[in-house]
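A quick write-up on the structure given underneath.
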Amino acid sequence: MRLVCDGLTYRYPGADHDLFSRLQADIEGPGFHALFGPSGVGKTTLARLMAGTLTGNAGGISAIGLERILYTYNMERLPGWCSVGKHLDDVTPSARVGDMSPLLDTFGIRECLKAHFSQLSLGQRNRANLVRYLLQEFDMLIMDESLANVDERTRQEIILKLKQMFPSKSFLYISHNVVEVARFCRQILVLRGPGKSPRLVKTRGLDCRNSARPETGRLNRTMLEIMNVS
Amino acid sequence: MFLRRLYQFTLVYGLALLLLLAIKFFFGLSDYVIPGPQEIWHTARQVSGRYALDVLNTLQVAILGHALSIAMAFAVGIVGRLTSWMGSMIKTAAFNIQAYPIVAVAPIIFILMGDGFSSRLLIAAMICYFPLLLSILGILSEPVEDIEHFFRMTGRITWRLEVRIRAFENLHKLTTVIVGSATLAVVGTIVAEFIAASAGIGVSIRRALYQSDLSKILVALFLIGICTSLYLACLEWGGRRLMRRWQAPVA
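Top line first, the protein sequences correspond to chains A and B.
Under my numbering, think of the first position of the first sequence as 1, with each following residue one higher.
Under my numbering, think of the first position of the second sequence as 1, with each following residue one higher.
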């Protein structure tokens, strides 16, 4: 299971400069990985290129052993004509129905099932959206700030549950939270601003699999490393 | 809503009538040019029964023409929302035809089809069809990315789902467009009747015009206004019911 960007070049139509020029990136194996970097650096564009929702790039993106890459972002909405529960029932493949219950509990949205999407808080909306993606067939799920507006404790519970429930899947988590990224992610792709070379640097996170706090020194070193390369 | 519409129209009509009478008295115009209140009242008592039937006849054609144009606009709009050559051809054709005054074509329709029901229906439908089509095309061509994305990613998107999402998200706009085009349907029918038809309130107005009888025209306008207001109120009420049924209250 490997996703490789080999000499990826992309320029938005009408733009003067390439956003990415001969970018190299590599994510290997299942697990919880991260794409980190300052705002506006092109994380979403890179994620969309990886997922195939954005095209027009030069250079290759190879997905080896990743047949189905899904991309979700935090502004998505569920259709308003039915309740959240009805929508989840409609879009869950029969083979995945058994996974719904533990996800609803971990994500804390069981009480929202009868409500319509417009009646949920921002955090509940993001969680409901993420649950429906997790109930699909996928090999890699790119989560573009999918846990924004969710409190820290619930975020931690969700990430740990994902690692536990989907050990053979790959996640690419886009977040600005350096502590979370350093603590829970295995491979961290740090996308740097234009003018820096190389544009993307890969570093390793602590990949914690339980709620026990890691040794402060290790966590600080990892965070420092991420911040230094970004 | 219905009573409010009637009340609003009656108020506007009353003000317009008062203005007309003020002009009459200010400039000292004869009853032949602008009839006095007594004559208007007398004419109203005489012709309102017959005119009410004429207005209902006109409204029947207008509603049918309106329904026909809505169905056609949705059917063509669904095809036209595609980004293919067919879609862009429909958009260009609709835009150009819409710019042409349909009323100018009405005499040709009467020559070819006669002065019966079908000519009136066709003109009413054509007059409100093109503005409706352009609005519906615009609404159905605009992706609702934050909802459609999931269905696209998971391979579930179908044209029916796409249309449903876009129509649902723009229900308020669609209702406004349909209500707005209803007035065009009524206007189209009356204009058609005024030009050459053999039935409807437009024919009565044409006869009153030949007789230079302004009081008959004023009575006809009053009845047209009342009936059109009720029809618009019915459409608004239907749109609100649909929205209440489909949409949950925002938290």
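All C-beta atoms, glycine included, are put in the ideal place defined by N, C-alpha and C.
In the three-state reduction of the DSSP assignment, A/G217 falls in the helix class, which pools H, G and I. Take B/F222, set aside five residues on each side of it, and the residues of its chain with a beta-carbon closer than 7 Å to its own are Y13, in chain order. Non-local C-beta neighbours of B/C128 in its own chain, meaning closer than 8 Å and more than five positions away in sequence, comprise G65, H66, S69, S181, A182, L184, A185 and G188, ordered along the chain. Contacts between A/L70 and chain B, judged by CB atoms closer than 8 Å, involve M153 and T154 in chain order.
At least one CB atom of chain A sits nearer than 8 Å to the CB of B/F150. The C-beta of A/M143 has 16 or more other C-beta atoms within 10 Å across all chains shown, which makes the residue buried.
Within the model, the alpha-carbon separation for A/V97 versus A/L135 is close to 8 Å.
With respect to the C-alpha of A/S118, the residue from A/E111, A/S146 and A/L78 having the closest C-alpha is A/L78. With respect to chain B, the C-beta atom of A/G85 has no partner C-beta closer than 8 Å.
Collapsing the DSSP output to three states places A/T72 in a strand. Listed by position along chain A, the residues whose Cβ is nearer than 7 Å to that of B/W159 form an empty set, because the closest Cβ is around 16 Å away.
C-alpha of A/E152 to C-alpha of A/I159: approximately 11 Å in a straight line. Within chain B, the residues F150 have their CB atoms less than 8 Å from the CB of A/R132, given in chain order. Where A/Q24 is concerned, the enclosing beta strand (DSSP E) starts and stops at F20 to E28. In this structure, DSSP gives A/R186 a state outside helix and strand, which the three-state scheme calls coil. Below the 9 Å Cβ cutoff, chain A contributes P79, G80 and W81 as neighbours of B/F168, in chain order. Distance from the CA of B/L21 to the CA of B/P37, rounded to the nearest whole angstrom, comes to 8 Å. By the criterion of at least three beta-carbon pairs nearer than 8 Å, the stretch 208-220 of chain B is not in contact with the stretch 132-143 of chain B.
If you keep only unbroken beta strand (DSSP E) runs of at least 3 residues inside the stretch 54-97 of chain B, you get nothing at all.
Residues of the same chain with a CB within less than 8 Å of the CB of B/P107, apart from the 5 flanking positions on each side, are I195 and A196 in chain order.
For the stretch 110-133 of chain B, no residue has a beta-carbon sitting nearer than 9 Å to a beta-carbon of chain A.
Look at B/I139: its C-beta is not under 8 Å from any C-beta on chain A. By the neighbour-count definition (other C-beta atoms within 10 Å, threshold 16), B/F26 is an exposed residue. Only those residues of the stretch 126-157 of chain A whose C-beta falls short of 8 Å from the nearest C-beta of chain B are listed: N129, R132, Y133 and Q136.
Rounded to the nearest angstrom, the gap between the Cα atoms of A/F171 and A/L141 is 5 Å.
The DSSP-derived three-state label of A/S211 is coil.
Spanning the alpha carbons of A/P198 and A/H176 requires a straight line of approximately 20 Å. Within chain B, no C-beta atom comes less than 7 Å from the C-beta of A/M100; the nearest is roughly 16 Å away. Cβ atoms of A/F36 and A/V179 stay farther apart than 8 Å, at about 11 Å. In the three-state DSSP reduction, A/Y173 falls in the strand class (E or B). Going by DSSP, A/Y10 is part of no alpha helix (DSSP H) but of the beta strand (DSSP E) stretching over R2 to Y10. By the neighbour-count definition (other C-beta atoms within 10 Å, threshold 16), A/I226 is a buried residue. Residues of the stretch 172-185 of chain A that bring their beta carbon within less than 9 Å of a beta carbon in chain B are absent altogether.
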